[in-house]
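> Dropping a structure here in structure tokens format, bear with me for questions.
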Amino acid sequence: MAEFPASTAASAPDDMTNQAAAGNNVDPREVERFAKIAETWWDPNGGFRPLHKIGPARLSFIRNALCRHYGLDSGTVRVLEGLRILDVGCGGGLICEPLARLGAKVTGIDPAEENVNAARLHAETSGLDIDYRALRIEDIAGRERFDAVTCLEVIEHVPDPAAFIAQCAAAVKPGGLLIASTLNRTLKSFALAIVAAEYVLGWVERGTHRWDRFVTVEELDQALKRAGLVDIRYEGVVYNPFEDRWSTGPDTDVNYMAAASKPGGN
């Protein structure tokens, strides 16, 4: 597995490290934090406002990656028709719903029952058929395989990111695609994602992120390769304060996304 910084291991309590080693790669404090505000997932001006704002850029990356990988016609409205996609750490379903609208058969999993209930209720009221389950990735990896697995802004919240990536990769069918997004551990990300977003602008609750758990591109790259994935592509997701808009681009210093293929298939 990829080697992550000593500061991360040193700052994590022993019970968290032991849980990850035993196959329970979930930090209960993180689960509790998001479960407490589960009813606000779909409030565009609430605590998840940044995820609503960044959503179009994330969806664009996912859509383009899947079209390129599977040779899909990007001009088709339901371009993802026929693809089975698993969203790991789905929260309230902010990415599951647009993927379903693009035609995908979507399964969303999250360890917090409160998040799953909020996601299920919103999907039902929106007329969308999405399979939501209160599960961890460990509960599904090796039992089901999907054309694509997404894990967005989840890696930086688990005790062992490399083990998490390996489990996500195990749920990708041969010839499928793993798509991830996370935060880079740089001085720039500390200034923007911690100081600015949490303390100055108040975009998210203070303490939402731990900078020592952010994952560098090099660390994620190593974890993806050790999970047996190839053809890894990266793009940054950058905020333009003048337009109040996020877009993809080459700058991976703060937020970034990755798409990696699993060998095999037809």
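Residues in the sequence shown are numbered consecutively from 266, following our numbering.
Using N, Cα and C, we set each Cβ at its ideal position, and we do this for glycine too.
(1) Kindly confirm or deny that the segment 475-492 and the segment 507-514 touch, where touching means at least three C-beta pairs closer than 8 angstroms.
(2) Would a C-beta distance cut-off of 8 angstroms place I395 and F429 closer than the cut-off?
(3) Helix, strand or coil for L359, going by three-state DSSP, please let me know.
(4) Comparing alpha-carbon positions, which option in R294, F313, L364 lies nearest A330?
(5) Specify, as a first and last residue, the run of the alpha helix (DSSP H) that D352 falls within.
(6) Taking one C-beta from the segment 435-449 and one from the segment 405-420 each time, how about it: are there three or more such pairs within less than 8 angstroms?
(7) Residues in its own chain within less than 7 angstroms of G354 by CB, not counting five upstream and five downstream?
(8) When you compare only the Cα positions, how much space is there between S446 and V342?
(9) Within a Cβ cutoff of 6 angstroms, which residues of the same chain sit near C361, ignoring the five residues on either side of it in sequence?
(10) Drop a sphere of 10 angstroms on the beta-carbon of L494, count the other beta-carbons inside from all chains shown, and report buried for 16 or more, exposed for fewer.
(11) Nearest CA to the CA of S339: which residue from E297, L367, Y397?
(12) Can you confirm whether the segment 320-328 touches the segment 378-386 when touching is taken to mean that 3 or more C-beta pairs between the two stretches lie within less than 8 angstroms?
Once the coordinates are examined:
(1) no
(2) no
(3) Coil, per DSSP.
(4) L364
(5) Where D352 is concerned, there is no enclosing alpha helix (DSSP H), although the beta strand (DSSP E) it sits in stretches over 349-353.
(6) yes
(7) D375, C416, V419
(8) 24 angstroms
(9) Hits under 6 angstroms: D352, C355, V371, G373, I395.
(10) buried
(11) L367
(12) no
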